[in-house]
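Below is one structure, written out as C-alpha coordinates, with a few remarks after it.
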Amino acid sequence: MSRDAKDTVYCSIQMPISQGRELLELIARLRALGEHPSLEPVFQEAQGELEMSIEFVERMLAGEGALGQTPL
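Numbering (the working numbering), first residue to last: 2 to 73.
This is the structure we're talking about:
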(Lines of atoms letter the chains of each structure in order from A; the text may use other names.)
(Lines give C-alpha, C1' and ligand atoms only; values in the text may rest on other atoms or scores of the structure.)
Protein backbone atom coordinates (compact mmCIF):
# COMPACT_ATOMS: atom_id res chain seq x y z
CA MET A 2 0.00 0.00 0.00
CA SER A 3 1.46 3.33 -1.05
CA ARG A 4 1.87 5.81 1.79
CA ASP A 5 3.38 8.56 -0.33
CA ALA A 6 0.24 9.45 -2.28
CA LYS A 7 -1.43 12.74 -1.46
CA ASP A 8 -4.78 10.97 -1.26
CA THR A 9 -3.70 8.52 1.48
CA VAL A 10 -6.16 8.28 4.38
CA TYR A 11 -4.91 7.63 7.92
CA CYS A 12 -7.10 6.28 10.70
CA SER A 13 -6.42 5.83 14.39
CA ILE A 14 -9.29 4.26 16.32
CA GLN A 15 -9.53 3.47 20.03
CA MET A 16 -11.99 0.94 21.45
CA PRO A 17 -12.41 -1.47 24.36
CA ILE A 18 -10.64 -4.82 23.95
CA SER A 19 -14.00 -6.60 23.51
CA GLN A 20 -14.80 -4.43 20.49
CA GLY A 21 -11.28 -4.94 19.19
CA ARG A 22 -11.80 -8.70 19.26
CA GLU A 23 -15.16 -8.32 17.53
CA LEU A 24 -13.65 -6.09 14.84
CA LEU A 25 -10.82 -8.60 14.38
CA GLU A 26 -13.40 -11.36 13.77
CA LEU A 27 -15.28 -9.16 11.31
CA ILE A 28 -12.12 -8.40 9.34
CA ALA A 29 -11.24 -12.10 9.25
CA ARG A 30 -14.71 -12.90 7.87
CA LEU A 31 -14.48 -10.16 5.26
CA ARG A 32 -11.08 -11.43 4.16
CA ALA A 33 -12.37 -15.00 3.97
CA LEU A 34 -15.25 -13.93 1.71
CA GLY A 35 -12.78 -12.45 -0.75
CA GLU A 36 -15.41 -10.05 -2.08
CA HIS A 37 -13.23 -6.95 -1.65
CA PRO A 38 -9.86 -7.81 -3.21
CA SER A 39 -8.79 -4.18 -3.48
CA LEU A 40 -9.14 -3.87 0.31
CA GLU A 41 -7.10 -7.01 1.08
CA PRO A 42 -3.91 -5.05 1.93
CA VAL A 43 -5.93 -2.77 4.22
CA PHE A 44 -7.66 -5.73 5.90
CA GLN A 45 -4.31 -7.47 6.35
CA GLU A 46 -2.69 -4.42 7.95
CA ALA A 47 -5.70 -3.70 10.19
CA GLN A 48 -5.78 -7.34 11.30
CA GLY A 49 -2.09 -7.28 12.18
CA GLU A 50 -2.39 -4.03 14.12
CA LEU A 51 -5.45 -5.25 16.01
CA GLU A 52 -3.75 -8.54 16.91
CA MET A 53 -0.68 -6.71 18.19
CA SER A 54 -2.74 -4.19 20.16
CA ILE A 55 -4.95 -6.87 21.71
CA GLU A 56 -1.88 -8.88 22.72
CA PHE A 57 -0.33 -5.76 24.27
CA VAL A 58 -3.46 -4.99 26.33
CA GLU A 59 -3.84 -8.64 27.41
CA ARG A 60 -0.24 -8.65 28.64
CA MET A 61 -0.72 -5.37 30.49
CA LEU A 62 -3.93 -6.65 32.12
CA ALA A 63 -2.13 -9.85 33.13
CA GLY A 64 0.66 -7.79 34.69
CA GLU A 65 3.27 -9.05 32.25
CA GLY A 66 4.35 -5.61 31.03
CA ALA A 67 4.56 -4.48 27.44
CA LEU A 68 5.77 -6.57 24.53
CA GLY A 69 9.43 -7.36 24.96
CA GLN A 70 9.54 -5.83 28.44
CA THR A 71 9.60 -7.40 31.85
CA PRO A 72 7.39 -6.04 34.63
CA LEU A 73 9.00 -3.91 37.31
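Ideal Cβ placement from N, Cα and C applies to all residues, glycine included.
Quantities reported herein were computed from a predicted structural model and do not represent experimental measurements.
Contact check for Gln48 and Ala29: beta-carbon distance about 7 Å, within the 8 Å limit, so the pair qualifies. Per DSSP, reduced to three states, the secondary structure at Ala6 is coil, with no helix or strand assignment.
Between the alpha carbons of Leu31 and His37 lies a gap of roughly 8 Å. In this structure Ile55 touches Ile18 by the C-beta definition: roughly 6 Å separates them, less than 8 Å. In this chain, the alpha helix (DSSP H) harbouring Gly49 covers 41-62. About 5 Å separates the beta carbon of Leu25 from that of Leu51, a gap short enough to meet the 8 Å contact definition.
When DSSP states are grouped into helix, strand and coil, Pro38 belongs to the helix group.
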